[in-house]
Every structure is written in structure tokens, then in C-alpha cells.
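What follows is a single structure, written as C-alpha cells, with notes after it.
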Amino acid sequence: MAMNVAIDGPAGAGKSTIAKAVAAKKGYVYVDTGAMYRAMALYFLRAGIASDDEKSISEKVDEIVVSIKYEDGAQHVILNGEDVTGLIRTEEVGNMASATSVYSAVRTKLVALQQELAKTTDVIMDGRDIGTVVLPNADVKVFLTASVECRAKRRFDELKDKGANPDFDQIAKDIEERDYRDSHREISPLKQADDAVLVDSSDMTIDEVVAAIIDLCK
Ligand code: C5P
Numbered sequence: 001m002a003m004n005v006a007i008d009g010p011a012g013a014g015k016s017t018i019a020k021a022v023a024a025k026k027g028y029v030y031v032d033t034g035a036m037y038r039a040m041a042l043y044f045l046r047a048g049i050a051s052d053d054e055k056s057i058s059e060k061v062d063e064i065v066v067s068i069k070y071e072d073g074a075q076h077v078i079l080n081g082e083d084v085t086g087l088i089r090t091e092e093v094g095n096m097a098s099a100t101s102v103y104s105a106v107r108t109k110l111v112a113l114q115q116e117l118a119k120t121t122d123v124i125m126d127g128r129d130i131g132t133v134v135l136p137n138a139d140v141k142v143f144l145t146a147s148v149e150c151r152a153k154r155r156f157d158e159l160k161d162k163g164a165n166p167d168f169d170q171i172a173k174d175i176e177e178r179d180y181r182d183s184h185r186e187i188s189p190l191k192q193a194d195d196a197v198l199v200d201s202s203d204m205t206i207d208e209v210v211a212a213i214i215d216l217c218k
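Numbering-wise, UniProt numbering puts 72 at position 72 of the sequence shown, and it's gapless, one number per residue.
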């Protein structure tokens with residue numbers, strides 16, 4: 001049986017940083033499910049579809065093939081044959097992903113892909129619904145969170161490092177809106193699974209969080 005570790009939590013809690021580090025230490029494959037929702041969102045943006053047009057979005061889902069591949073241990077997201085890894089990290093794509101991930105046509109397709117990946121491979125998978133819906137029988141489930149201020153600060157620093165001129169209040173507002181939408185949607189809302197361990201990283205270093213999760217994987 002493959003080892004499955006699920007990490008869920010709100011935007012900016014550090015899920016990907018932590019999951020990548022745990023994957024490297026334990027030899028698991030890191031699966032970033034948010035990147036799959038982002039790749040689909042990029043397709044909808046390019047097609048000029050409004051995020052509230054569920055009918056068009058559901059029809060377009062059939063035209064989309066999302067897959068992932070690994071190069072030097074890093075996940076690449078392939079959208080209809082095109083490597084879009086470098087194009088999906090913008091706020092625009094993130095907000096579109098949050099808005100379009102509420103639709104069942106989008107979720108059904110990506111959940112199936114995620115479950116397939118976890119069947120045969122030792123994975124640490126991060127997202128919003130991994131412990132609750134995608135991998136309900138995961139060996140380890142973590143709900144990783146941090147305060148809004150703390151998450152906004154991390155995002156602010158990250159954008160600044162990239163040479164951008166970010167607006168802190170706007171980032172905090174986007175995070176709050178996304179949290180609200182992700183946790184209040186009808187299908188697979190963001191919530192802590194009953195058997196998940198809650199880790200609040202607000203006052204923890206990356207190394208401390210990684211150590212705590214590796215401990216759970218023993
Ligand atoms: O984690 P990331 O910010 O890349 O995810 C982008 C959006 O994709 C999230 O705001 C969320 O709405 C959606 N998502 C989801 N389920 C997942 C992963 C991401 O609904 N498992």
C-alpha cells in the first residue's frame with residue numbers, strides 16, 4: 001500500500017513549502033493540487049469565460065487535459081500539452097482558481113486525477129479537501145493554518161522578494177475573501193477532517209513544522 005499524507009489548510013499557510021520539505025526528507029512525491037485548479041483557471045481566463053458562467057465552464061472542462069510530471073523532483077503542470085508551471089502563480093489565476101473550483105465539473109475531474117496518483121505512489125498531497133474528500137483514508141492528515149496577518153505578511157514578503165511592489169492590505173483582503181469562499185462553498189469546502197491534526201504555524205519556524213509532520217509520519 002502506498003503511503004498517503006494529506007495536508008489541507010487555507011491559502012498562504014505554508015502548505016507547499018512544508019510538503020516539499022517533508023517529501024524530500026521522506027522520499028515521497030509532492031503533489032500540489034492547487035496547481036491543477038490553477039491550470040484549469042488559466043484555461044478559462046484565456047478562453048475569456050466569466051468565473052460565474054458555470055455552464056460554459058462545465059462545457060470547457062471536457063476540452064481540458066491536466067497532467068503533472070516531475071523534473072528534478074519538482075512538479076510541473078501540463079495543460080493540454082503545454083507546461084504552464086511558470087504561468088499559474090499570479091493573483092489573477094489564484095483568484096480565478098478559487099472562483100471556478102466551486103463547480104462540480106471542475107472538481108470531479110481533478111479529484112479523479114489526484115486519487116489515481118495516490119493509489120500507486122507514496123505521496124504528500126496538499127490542497128483544501130485532501131483529508132476530507134480526495135484521500136479520506138490517508139495515513140496522516142494535517143490541517144495547517146496560520147493567522148490572516150501572518151499569511152498576508154508571508155505573501156507580501158514573497159512578492160517583494162520577486163521585485164514587485166505589493167499592497168499589504170489588498171493581499172490581506174484577497175486572503176480573507178479566498179478563505180471565505182473556500183470554506184463556504186457547497187462542494188468540498190475547506191475544513192479540518194475529524195481525524196486531522198491541527199498545526200498552527202503562526203509562531204513556528206518552517207523547520208519546526210516539518211519536524212512535527214515527520215514525527216506524525218513515523
Ligand atoms: O493552493 P492554491 O492557492 O494554489 O489553490 C488555488 C485555489 O484552488 C484555492 O483557492 C482553492 O479554491 C482551489 N483548490 C481547491 N481544492 C484543492 C486545491 C485548491 O478547491 N484541493
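Glycine included, C-beta positions come from ideal geometry on N, C-alpha and C. Fair warning: this is a prediction, and the values are worked out from it, not measured in the lab.
Rank the options by C-alpha distance to the C-alpha of residue i and give the top, closest one.
{"i": "lysine 20", "options": "Asp72, Met40, Gly81 and Ala39", "result": "Asp72"}
{"i": "glycine 127", "options": "Ser16, Asp174 and Ala152", "result": "Ser16"}
{"i": "glutamate 92", "options": "Lys25, Met204, Arg38 and Thr132", "result": "Arg38"}
{"i": "tyrosine 43", "options": "Ser67, Val61, Thr120 and Ile187", "result": "Val61"}
{"i": "valine 197", "options": "Thr120, Ile88, Asp139 and Gly34", "result": "Asp139"}
{"i": "proline 30", "options": "Leu144, Asp83, Ile175 and Gln114", "result": "The sequence given here places tyrosine at residue 30; proline does not occur at that position. For the residues Leu144, Asp83, Ile175 and Gln114, the minimum Cα distance to tyrosine 30 belongs to Gln114."}
{"i": "glutamine 192", "options": "Gly12, Asp8 and Lys160", "result": "Asp8"}
{"i": "valine 134", "options": "Val148, Glu116 and Thr121", "result": "Glu116"}
If you follow the beta strand (DSSP E) that residue i is part of, which residue opens it and which one closes it?
{"i": "aspartate 194", "result": "From DSSP, aspartate 194 is part of no beta strand (DSSP E); its letter is neither H nor E."}
{"i": "tyrosine 70", "result": "66-71"}
{"i": "alanine 6", "result": "4-8"}
Please classify residue i as buried or exposed, where buried requires at least 16 neighbouring CB atoms within 10 angstroms.
{"i": "arginine 171", "result": "Note on identity: in this sequence residue 171 is isoleucine, with arginine being the wrong assignment. Per the 10 Å Cβ criterion, buried."}
{"i": "proline 10", "result": "buried"}
{"i": "residue 256", "result": "This structure leaves residue 256 out entirely; the chain is present only between 1 and 218."}
{"i": "lysine 55", "result": "exposed"}
{"i": "valine 65", "result": "exposed"}
{"i": "arginine 151", "result": "buried"}
{"i": "isoleucine 130", "result": "buried"}
{"i": "asparagine 80", "result": "exposed"}
{"i": "threonine 205", "result": "exposed"}
{"i": "aspartate 195", "result": "exposed"}
Which whole-angstrom value describes the C-beta separation of residue i and residue j, a residue pair presumed to lie in contact below a C-beta threshold of 8 Å?
{"i": "methionine 125", "j": "valine 77", "result": "About 14 Å; that fails the 8 Å criterion."}
{"i": "valine 142", "j": "valine 102", "result": "Rounded, the Cβ-Cβ distance is 24 Å, inconsistent with contact."}
{"i": "isoleucine 57", "j": "threonine 90", "result": "The pair is not a contact, with the Cβ atoms about 19 Å apart (cut-off 8 Å)."}
{"i": "tyrosine 28", "j": "valine 123", "result": "6 Å"}
{"i": "proline 189", "j": "aspartate 182", "result": "7 Å"}
{"i": "isoleucine 175", "j": "glycine 34", "result": "So it is not a contact: roughly 14 Å between Cβ atoms."}
{"i": "alanine 41", "j": "alanine 97", "result": "4 Å"}
Where do the N-terminal and C-terminal ends of the alpha helix (DSSP H) with residue i fall, by residue?
{"i": "aspartate 207", "result": "206-216"}
{"i": "tyrosine 43", "result": "33-46"}
{"i": "alanine 24", "result": "15-26"}
{"i": "glutamate 59", "result": "54-61"}
message = Runs of 4 residues minimum, wholly inside the segment 115-194: which ones carry the alpha helix (DSSP H) assignment?
response = The segment 115-194 contains these whole alpha helix (DSSP H) runs: 148-161 and 168-184.
query = Hey, which unbroken runs of the alpha helix (DSSP H) at 4 residues or more fall wholly within the segment 80-112?
reply = 91-100
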